[in-house]
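Engineer: To start, I am sharing the structure in question, which I have written as structure tokens.
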Ligand code: HSE
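In full-length UniProt numbering, the protein residues as written are 15 to 311.
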């Protein structure tokens, strides 16, 4: 038995919701084939040139399946073939896609014996391998689709939020920002006045999604805690943000831990103008890049 899944990219944090909000994209996505084996073993076959570890315990798709197999009382295993179309280190949930795709496919082959929440729990072991910490703000939207709020990870409490019909423009400047480094540089303490702004924005963003109020979503896309620190690692960030807003984007910011930047727009024409702004900034700076104009999955 075997199954092929598309594991989509995701935008974690959604600007103000560091580690608690995430959104699933329609593109790009990884293509994963998972085959059921009749022996307790996990084999990883990589169909790309990224040289990711193929030892299952060190692989973001393998580690979650090791955890899953521990909870199954049967002599089975999985062979996973991964075609990575989401570049590792891009900030659009490449490691989460491998982890989420593996557990969704494996669960399908097992007759859907696990809940989505179980799948998030397993997939977080992949994030642990990739970034050193368990966080679910890429994994949960990748598994649930749409926009998700991770109110808590211990114990898991995931709330699926209504996904608006927004267009998403993403630019991936080809520079390396490791999630572990982008977490290391964050201050461990925040000022109360910043915390008040931040939780006002998170609440505003969630309310805006529930009320389908695009303007409220737009003005809540503000991050006074993480972005001022991390944006220093991304050349052109301020220029992209300013230019995209002038072009009509609702708002946006760093995608996950970067270096990708995302912007939300209410229509495709604006999303494409935003893409032009992004391209112009990186042409001018002389950094190669990839852009995507997509929608929320
Ligand atoms: N919430 C995580 C971070 C996402 O910003 O570090 C990493 O993709």
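By construction, the Cβ of each residue, glycine as well, lies at the ideal position given by its N, Cα and C atoms.
Work out the CA separation of residue 121 and residue 128 for me, nearest whole Å.
Structural biologist: 6 Å
Engineer: Determine the extent of the alpha helix (DSSP H) in which residue 109 is found, giving its start and end residues.
Structural biologist: 108 to 123
Engineer: So within the region 150 to 234, which uninterrupted alpha helix (DSSP H) runs reach at least 4 residues, ignoring any that extend past its ends?
Structural biologist: 153 to 158, 193 to 198, 206 to 225 and 228 to 234
Engineer: Need the endpoints of the alpha helix (DSSP H) that residue 264 sits in, please.
Structural biologist: In the DSSP annotation of this structure, residue 264 is not part of any alpha helix (DSSP H), being labelled neither H nor E.
Engineer: How would you write the range of the beta strand (DSSP E) that residue 26 sits in, first residue to last?
Structural biologist: 16 to 26
Engineer: Under three-state DSSP, which class holds residue 38?
Structural biologist: strand
Engineer: Pick from 307, 34 and 126: whose alpha carbon is nearest that of residue 274?
Structural biologist: For the residues 307, 34 and 126, the minimum Cα distance to residue 274 belongs to 307.
Engineer: Relative to the C-alpha of residue 74, which residue among 50, 49 and 103 is closest?
Structural biologist: Checking every option, the nearest Cα to that of residue 74 belongs to 103.
Engineer: Would you kindly work out how many angstroms separate the C-alpha atoms of residue 71 and residue 143, rounded to a whole number?
Structural biologist: 8 Å
Engineer: Taking 7 Å as the cut-off, does the CB of residue 168 come closer than this to any heavy atom belonging to ligand 1?
Structural biologist: no
Engineer: Where residue 54 and residue 146 are concerned, what is the direct C-alpha to C-alpha distance, given to the nearest angstrom?
Structural biologist: 26 Å
Engineer: Expressed to the nearest angstrom, what Euclidean distance is found between the alpha-carbon atoms of residue 51 and residue 79?
Structural biologist: 13 Å
Engineer: Give the secondary structure of residue 93 by DSSP, where H, G and I count as helix, E and B as strand, and everything else as coil.
Structural biologist: The answer is strand: DSSP assigns residue 93 an E or B state.
Engineer: Under 8 Å, with one C-beta from each stretch per pair, do the region 217 to 229 and the region 190 to 206 reach the 3-pair mark?
Structural biologist: no
Engineer: With the cut-off set at 8 Å, would you say residue 278 and residue 182 are in Cβ contact?
Structural biologist: yes
Engineer: Could you give the DSSP three-state label for residue 66: helix, strand or coil?
Structural biologist: coil
Engineer: Would you call residue 126 buried or exposed, if buried means 16 or more other Cβ atoms sit within 10 Å of its Cβ?
Structural biologist: exposed
Engineer: Please indicate yes or no: does the CB of residue 149 lie closer than 7 Å to some heavy atom of ligand 1?
Structural biologist: It does: the Cβ of residue 149 is within 7 Å (strictly closer) of some heavy atom of ligand 1.
Engineer: Any chance the CB of residue 112 is under 7 Å from a heavy atom of ligand 1?
Structural biologist: no
Engineer: Buried or exposed for residue 84, going by 16 or more other Cβ atoms inside 10 Å?
Structural biologist: exposed
Engineer: Taking only the alpha-carbon atoms, compute the straight-line gap between residue 167 and residue 136 and give it to the nearest angstrom.
Structural biologist: 12 Å
Engineer: Flag this pair as touching only if the region 35 to 52 and the region 88 to 99 have three or more C-beta atom pairs under 8 Å; answer yes or no.
Structural biologist: Touching, yes.
Engineer: From residue 268 to residue 29, what does the alpha carbon distance come to, in whole angstroms?
Structural biologist: 7 Å
Engineer: My output table needs one value for residue 86: the three-state DSSP class, helix, strand or coil.
Structural biologist: coil
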